[in-house]
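Number of protein chains: 2
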Amino acid sequence: MPSDPIDLHPFDQATRVMAEGSRLTGETSDLYWAFVGPFGGATAATMLRAALQHGERRGEPLALTVNYCAPIARGGFDIHVRLVRANRSSQHWSIELVQGDEGVVATATAVFAERRPSWSHQPEAMPDVTPAEQLPSLPSDRFSGWPRQYDFRFASGGPHFAATLNEEAADARSAVWLADSPPRQVDALSLSAMADAFFGRIFHVRGAIVPFGTVSMTTYFHVDAADLAAEAITGLLGVADAHVFHKSYADQTAELWSPSGRLLATSQQIAYFKA
Amino acid sequence: MPSDPIDLHPFDQATRVMAEGSRLTGETSDLYWAFVGPFGGATAATMLRAALQHGERRGEPLALTVNYCAPIARGGFDIHVRLVRANRSSQHWSIELVQGDEGVVATATAVFAERRPSWSHQPEAMPDVTPAEQLPSLPSDRFSGWPRQYDFRFASGGPHFAATLNEEAADARSAVWLADSPPRQVDALSLSAMADAFFGRIFHVRGAIVPFGTVSMTTYFHVDAADLAAEAITGLLGVADAHVFHKSYADQTAELWSPSGRLLATSQQIAYFKA
Numbered sequence: 035m036p037s038d039p040i041d042l043h044p045f046d047q048a049t050r051v052m053a054e055g056s057r058l059t060g061e062t063s064d065l066y067w068a069f070v071g072p073f074g075g076a077t078a079a080t081m082l083r084a085a086l087q088h089g090e091r092r093g094e095p096l097a098l099t100v101n102y103c104a105p106i107a108r109g110g111f112d113i114h115v116r117l118v119r120a121n122r123s124s125q126h127w128s129i130e131l132v133q134g135d136e137g138v139v140a141t142a143t144a145v146f147a148e149r150r151p152s153w154s155h156q157p158e159a160m161p162d163v164t165p166a167e168q169l170p171s172l173p174s175d176r177f178s179g180w181p182r183q184y185d186f187r188f189a190s191g192g193p194h195f196a197a198t199l200n201e202e203a204a205d206a207r208s209a210v211w212l213a214d215s216p217p218r219q220v221d222a223l224s225l226s227a228m229a230d231a232f233f234g235r236i237f238h239v240r241g242a243i244v245p246f247g248t249v250s251m252t253t254y255f256h257v258d259a260a261d262l263a264a265e266a267i268t269g270l271l272g273v274a275d276a277h278v279f280h281k282s283y284a285d286q287t288a289e290l291w292s293p294s295g296r297l298l299a300t301s302q303q304i305a306y307f308k309a
Numbered sequence: 035m036p037s038d039p040i041d042l043h044p045f046d047q048a049t050r051v052m053a054e055g056s057r058l059t060g061e062t063s064d065l066y067w068a069f070v071g072p073f074g075g076a077t078a079a080t081m082l083r084a085a086l087q088h089g090e091r092r093g094e095p096l097a098l099t100v101n102y103c104a105p106i107a108r109g110g111f112d113i114h115v116r117l118v119r120a121n122r123s124s125q126h127w128s129i130e131l132v133q134g135d136e137g138v139v140a141t142a143t144a145v146f147a148e149r150r151p152s153w154s155h156q157p158e159a160m161p162d163v164t165p166a167e168q169l170p171s172l173p174s175d176r177f178s179g180w181p182r183q184y185d186f187r188f189a190s191g192g193p194h195f196a197a198t199l200n201e202e203a204a205d206a207r208s209a210v211w212l213a214d215s216p217p218r219q220v221d222a223l224s225l226s227a228m229a230d231a232f233f234g235r236i237f238h239v240r241g242a243i244v245p246f247g248t249v250s251m252t253t254y255f256h257v258d259a260a261d262l263a264a265e266a267i268t269g270l271l272g273v274a275d276a277h278v279f280h281k282s283y284a285d286q287t288a289e290l291w292s293p294s295g296r297l298l299a300t301s302q303q304i305a306y307f308k309a
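If you're matching them up, the sequences are chains L and B in order. The opening position of the first sequence corresponds to residue 35 in this note's numbering, with each subsequent residue numbered one higher. The opening position of the second sequence corresponds to residue 35 in this note's numbering, with each subsequent residue numbered one higher.
What follows is the structure, given as structure tokens:
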């Protein structure tokens, strides 16, 4: 554990896991606050970190599913981490976030793997978009809470949210250059958070901010630490889209691309909406 | 519990959950056998069924993540089901499949929700493919095990597996009409299995069957029982694709479409391969 948390990047501070003996705890961050609780990406990264820094953990993040069971209140929480199964080159972990009398507020399963060399193939190329440096940043005063912790440069499908709902559905797809603000080198932890760093697809298609909450999110990591070290990037291209909005739930797919054209992670989530 | 399991469809037989007091058990099915264990779709459906038939379950399947932790041996297993969190209109369940001395061989998390009416929107139409009735069925003697329990009619990307690996990667995408064989009306349970009823994408791109195993699979259900009753279908169009094959792991995306053009479910999985 770092001796002086003040030196930490705000993301590492917000997703810190503290150990007192075998008890693991964390705390919500006001900087990464969302509508009615912490930014889901910060919660995901905190839960992944709790398993990642466990002494028995072997291998690198391969898959992470986070289920957002209930609103998380401002303040502290406990993190229960359990190694469910250890194989020769992979591990399965179960993680629960527990808050006071509320009980379990989030659950997660994580798979870690020691990735061996193999044939490599990426069928599709990164979308051809305007480079980040030629695009303006979204003004950071336009939103409060967690969006201020990222630099957003929309190549397409930017936020145009009004006070009333669209009559006709707008495009659900956005391509946006994402970076931590201040910059931070991308690792598995920040990928697990950036997978959730998109505005709700329902806001885009209906052109307005409506009640919304992620229910479950799954992220697959397509690179290991060596691959990420070779990229050594602080920003990436996020592409988000949706298949369907129906009976109060909608999905979201996300691709996270390195500027060099490498697919770092893919993610999907299912979210509640009221519209 | 049905009094005479002989009357059950093979799928319902293979995914049966038996209750003795509070103990839940199941058994692998030889009909739905895969290379080194049961068909992952049957395991997923069995775990979903264990929660679905629990007395405290409310709402309908919204999200299901299954982690395949270790090979499941032929024979019986216990299923541990736990209601982690119940909200006003949603529930979070945790499910574990435990086998003798092996311990936990699979874990799952399931979200159930009472789906309320809302604005509906499906941005993309079903792919325009040849209707099922104009396509030949894959000869059922071409494969052993679980593929014989489905009728496959490939509209594109059919299996052309040889003894040696392709030099050049073939297309990872398949569009295939899928139905239980014998026919069975599609419900959430069969959707949870059909989400896994694709041949490994690595077999398609490399043109050969290589060591392969699903590690984790997540399925989102975009319809409820009323929607499925309105469709009343026994077959659907499955579209599978992949983003990346790298360092022994590859992803797979899947869309399950009703013949009427409605997106019933989407799924993604991450799988190990050796090639």
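For glycine and all other residues, C-beta sits at the position ideal for the given N, C-alpha and C.
Taking residue i as the reference, which of the options has the closest Cα?
{"i": "Ala222 of chain L", "options": "L:Ala305, L:Ala76 and L:Asp162", "result": "L:Ala76"}
{"i": "Ala288 of chain B", "options": "B:Gln303, B:His280 and B:Ser282", "result": "B:Gln303"}
{"i": "Thr253 of chain L", "options": "L:Ala196, L:His114, L:Val220 and L:Thr99", "result": "L:Thr99"}
{"i": "Phe255 of chain B", "options": "L:Ala263, L:Gly269 and L:Val278", "result": "L:Val278"}
{"i": "Gln183 of chain B", "options": "B:Ala159, B:Arg218, B:Thr164 and B:Met52", "result": "B:Arg218"}
{"i": "Ala189 of chain B", "options": "B:Pro165, B:Ala204 and B:Thr268", "result": "B:Pro165"}
{"i": "Leu65 of chain L", "options": "L:Ala85, L:Pro44 and L:Gly89", "result": "L:Pro44"}
{"i": "Ala79 of chain L", "options": "L:Ser123, L:Val70 and L:Gln47", "result": "L:Gln47"}
{"i": "Ala229 of chain B", "options": "B:Gln286, B:His88 and B:Arg116", "result": "B:Gln286"}
{"i": "Gln87 of chain L", "options": "L:Arg122, L:Phe69, L:Ser56 and L:Phe73", "result": "L:Ser56"}
{"i": "Phe111 of chain B", "options": "B:Leu117, B:Thr141, B:Glu167 and B:Leu212", "result": "B:Thr141"}
{"i": "Pro105 of chain B", "options": "B:Glu265, B:Ala263 and B:Val249", "result": "B:Val249"}
{"i": "Ala299 of chain L", "options": "L:Val118, L:Ala309 and L:Leu270", "result": "L:Leu270"}
{"i": "Phe320 of chain B", "options": "B:Arg108, B:Ser282 and B:Ser171", "result": "Within the shown structure, residues of chain B are numbered from 35 to 309, placing residue 320 of chain B beyond reach of any answer."}
{"i": "Asp41 of chain L", "options": "L:Met251, L:Pro216, L:Val239 and L:Ser224", "result": "L:Pro216"}
{"i": "Gly322 of chain B", "options": "B:Ala84, B:Trp67 and B:Val145", "result": "Since the first and last residues shown for chain B are 35 and 309, residue 322 of chain B lies out of range."}
{"i": "Leu117 of chain L", "options": "L:Arg92, L:Ser152 and L:Tyr102", "result": "L:Arg92"}
Quick one: is residue i near chain L, going by C-beta distance under 7 Å?
{"i": "Leu262 of chain B", "result": "no"}
{"i": "Thr252 of chain B", "result": "yes"}
{"i": "Asp285 of chain B", "result": "yes"}
{"i": "Thr62 of chain B", "result": "no"}
{"i": "Thr141 of chain B", "result": "yes"}
Going along chain L in order, which residues have a C-beta closer than 8 Å to the C-beta of residue i?
{"i": "Gln156 of chain B", "result": "His277, Val278, Phe279 and His280"}
Say whether chain B places a C-beta atom closer than 7 Å to the C-beta of residue i.
{"i": "His256 of chain L", "result": "yes"}
{"i": "Gln302 of chain L", "result": "yes"}
{"i": "Ser152 of chain L", "result": "yes"}
{"i": "Val138 of chain L", "result": "yes"}
{"i": "Ala206 of chain L", "result": "yes"}
{"i": "Ala120 of chain L", "result": "no"}
{"i": "Val145 of chain L", "result": "yes"}
{"i": "Thr198 of chain L", "result": "no"}
{"i": "Thr99 of chain L", "result": "yes"}
{"i": "Leu297 of chain L", "result": "yes"}
{"i": "Thr77 of chain L", "result": "no"}
{"i": "Met35 of chain L", "result": "Because the pLDDT of Met35 of chain L is 47, which lies under 50, any placement of that residue in the model is unreliable, and the question is left without a value."}
Could you tell me which chain B residues have their CB closer than 9 Å to the CB of residue i, listed as they occur along the chain?
{"i": "Ser124 of chain L", "result": "Cys103, Val249 and Tyr306"}
{"i": "Val115 of chain L", "result": "The contacting residues do not exist; Val115 of chain L stays about 14 Å from chain B at best."}
Which of the three DSSP states is assigned to residue i in this structure?
{"i": "Trp291 of chain B", "result": "strand"}
{"i": "Gln125 of chain B", "result": "strand"}
{"i": "Met52 of chain B", "result": "strand"}
{"i": "Pro44 of chain B", "result": "helix"}
{"i": "Gly60 of chain B", "result": "strand"}
{"i": "Trp180 of chain L", "result": "helix"}
{"i": "Arg150 of chain L", "result": "coil"}
{"i": "Arg83 of chain L", "result": "helix"}
{"i": "Glu158 of chain L", "result": "coil"}
{"i": "Met35 of chain B", "result": "Residue confidence for Met35 of chain B is low, a pLDDT of 47 falling below 50, so the modelled location carries little weight; the figure read from the coordinates is stated next. If DSSP states are grouped into helix, strand and coil, Met35 of chain B belongs with coil."}
{"i": "Glu90 of chain B", "result": "coil"}
Which chain B residues are close to residue i, counting only those with a beta carbon under 8 Å from its beta carbon?
{"i": "Leu225 of chain L", "result": "Ordered by position in chain B, no residue passes the 8 Å Cβ test against Leu225 of chain L, which lies about 14 Å from the chain."}
{"i": "Val239 of chain L", "result": "His155 and Pro157"}
Which chain B residues sit within Cβ distance under 7 Å of residue i?
{"i": "Ala309 of chain L", "result": "Ser152 and Trp153"}
{"i": "Leu290 of chain L", "result": "Within chain B, no residue comes near Leu290 of chain L; the closest Cβ sits about 11 Å away, beyond 7 Å."}
{"i": "Val163 of chain L", "result": "Near Val163 of chain L there are no residues of chain B at all, since even the closest Cβ is about 17 Å away, more than 7 Å."}
Using the beta-carbon of each residue, which ones in chain L are nearer than 7 Å to residue i?
{"i": "Arg149 of chain B", "result": "Lys281, Ser282 and Tyr283"}
{"i": "Ser128 of chain B", "result": "Thr141"}
Quick one: which chain L residues come within Cβ less than 9 Å of residue i?
{"i": "Ala203 of chain B", "result": "Trp153, His155 and Pro157"}
> Quick one: complete beta strand (DSSP E) runs, 3+ long, within the segment 235-297 of chain B?
Replying inline: 246-255, 269-275 and 283-291, all fully within the segment 235-297 of chain B.
> Can you list the beta strand (DSSP E) stretches of 3 or more residues lying completely in the segment 189-226 of chain B, in chain order?
Replying inline: If we require 3 residues or more, the beta strand (DSSP E) runs fully inside the segment 189-226 of chain B come out as 208-214.
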